[in-house]
Amino acid sequence: MPDLDVAGVLCDMDGTLVDSNALVDVMWNEFADAHGLDAAEVRHFAHGRPSRATIARYVDDSDGRAHWQERIHEMEATRFDGVVEIPGARSFTRALPHGRWALVTSAMHAPARARLQAVGIEAPSIVIGADDVEHGKPHPEGFSRAARELGVDPRDCVVFEDTDAGIEAGRAAGCTVVVVGGNDSALTRALPRVADMRQVRVRVRGARIGLSLPG
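Numbering-wise, my numbering comes out as the position in the sequence shown, counting from 1, plus 10.
Given below as structure tokens:
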């Protein structure tokens with residue numbers, strides 16, 4: 011198993027720690043139907059991006075954008091049907107030292123915490139949601155801010171991500187990126203990969219976090 015030795019761990023949420031595909035598909039299918047859009051195209055664009063970026067792409071008027079942002083936010087905060095833990099995520103996060111890992115998600119801050127709670131994962135002390143940054147993924151702001159709040163250099167952090175937008179953001183921030191799941195885009199092919207979080211072994215060594223991955 012190849013080893014990583016880092017000061018901080020930065021995790022995406024959806025597709026990395028939490029499987030919320032069923033909920034996300036329902037939300038964007040409703041949005042697409044309301045606007046006469048191709049649902050598959052909308053879901054593809056939305057994957058890994060803040061909801062406001064997807065809404066802005068397809069809705070021109072400000073009132074319409076505000077309406078749909080509120081509606082999507084409500085669905086994220088109150089619907090948990092079909093939302094489950096990515097295998098191994100609870101054990102993985104429990105093994106990480108308090109104050110040494112952060113969540114960086116394209117979901118809004120409060121719904122992200124609620125979604126973690128729904129699957130039995132304790133939220134870290136640092137959560138960076140879409141409403142905590144000016145620029146969402148693929149911009150590196152979220153990961154850069156999380157590293158700063160942890161008090162570590164982004165180059166001394168590992169990012170666990172499943173989407174191209176998140177992978178781009180992590181790499182642009184200067185972090186090492188590990189792909190989670192089956193994304194086989196060209197962007198992912200030279201990167202280390204795990205099928206799910208059961209394949210990551212954590213060893214804490216003083217101020218360092220050792221991570222073993224499949225080789």
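Just so you know, even glycine gets a beta-carbon here, dropped at the ideal spot from N, CA and C. The structure displayed is predicted, hence computed values, not measured ones.
Environment of residue i [buried if 16+ CB atoms lie within 10 Å]
| i | result |
| --- | --- |
| MET11 | Low confidence applies here, because MET11 scores a pLDDT of 48, under 50, leaving its location unreliable and the question unanswered by this model. |
| VAL214 | exposed |
| HIS57 | buried |
| ALA156 | buried |
| GLN127 | exposed |
| GLU132 | exposed |
| ASP91 | exposed |
| ALA117 | buried |
| ALA63 | buried |
| GLU95 | buried |
| ARG158 | exposed |
Residues near residue i by beta carbon distance below 6 Å, same chain, minus five either side
| i | result |
| --- | --- |
| ALA183 | PRO150, PHE153, SER154, PRO164 |
| PRO97 | ASP206, ARG208 |
| PRO202 | VAL188, LEU223 |
| THR103 | ILE131 |
| MET85 | MET37 |
Beta-carbon gap between residue i and residue j smaller than 8 Å
| i | j | result |
| --- | --- | --- |
| GLY18 | TRP111 | yes |
| VAL16 | VAL188 | no |
| VAL137 | LEU20 | no |
| ASP172 | ASP22 | yes |
| PRO121 | ALA87 | yes |
| LEU33 | LEU221 | no |
| SER61 | ALA175 | no |
| GLY25 | GLY191 | yes |
| VAL93 | SER30 | yes |
| PHE41 | VAL52 | yes |
Any non-hydrogen atom of the ligand MN within 7 Å of residue i CB
| i | result |
| --- | --- |
| PRO107 | Summarising the ligand content, the structure contains no ligands, and the ligand MN is consequently not present. |
Top-ranked residue by Cα proximity to residue i, from the options
| i | options | result |
| --- | --- | --- |
| GLY130 | GLY109, LEU221, TYR68, ALA99 | ALA99 |
| ASN39 | GLY191, ARG125, ILE82, HIS108 | ILE82 |
| PHE10 | GLY46, ASN193, ARG158, GLU159 | Because the chain spans 11 through 225 in this model, residue 10 falls outside it and cannot be assessed. |
| GLU178 | LEU197, THR103, SER101, ASP48 | LEU197 |
| LEU47 | GLU144, VAL36, TYR68 | TYR68 |
| LYS147 | GLY74, PHE55, ASN31 | PHE55 |
| HIS145 | LEU27, ARG59, ALA50 | ARG59 |
| ARG89 | SER72, GLU80, ALA124, CYS185 | ALA124 |
| GLY161 | SER72, ASP35, ALA217, SER101 | ALA217 |
Same chain only: Cβ atoms within 7 Å of residue i, ignoring 5 sequence neighbours per side
| i | result |
| --- | --- |
| ASP166 | VAL16, ALA17, GLY18 |
| ARG75 | ILE65, ALA66, VAL69 |
| ALA105 | VAL212 |
| HIS119 | VAL137, GLY139, ASP141, ASP142 |
Nonlocal neighbours in the same chain, by C-beta distance under 8 Å from residue i, ignoring five residues either side
| i | result |
| --- | --- |
| HIS108 | PRO134, SER135 |
| ASP43 | ALA49 |
| HIS45 | TYR68, VAL69 |
| CYS185 | LEU20, PHE153, ALA157, PRO164, ARG165, CYS167, VAL168, VAL169 |
Chain D within 8 Å of residue i, Cβ atoms only
| i | result |
| --- | --- |
| ALA156 | The chain labelled as chain D is not found in the depicted structure, where only one protein chain is given. |
Jot down the residue ranges of each uninterrupted alpha helix (DSSP H) in the region 99-164, minimum 4 residues, whole runs only, in chain order. 99-105, 119-128, 151-160
Could you name each continuous beta strand (DSSP E) segment of 3 residues or more that falls completely within the region 57-87, going from the start of the chain to the end? none
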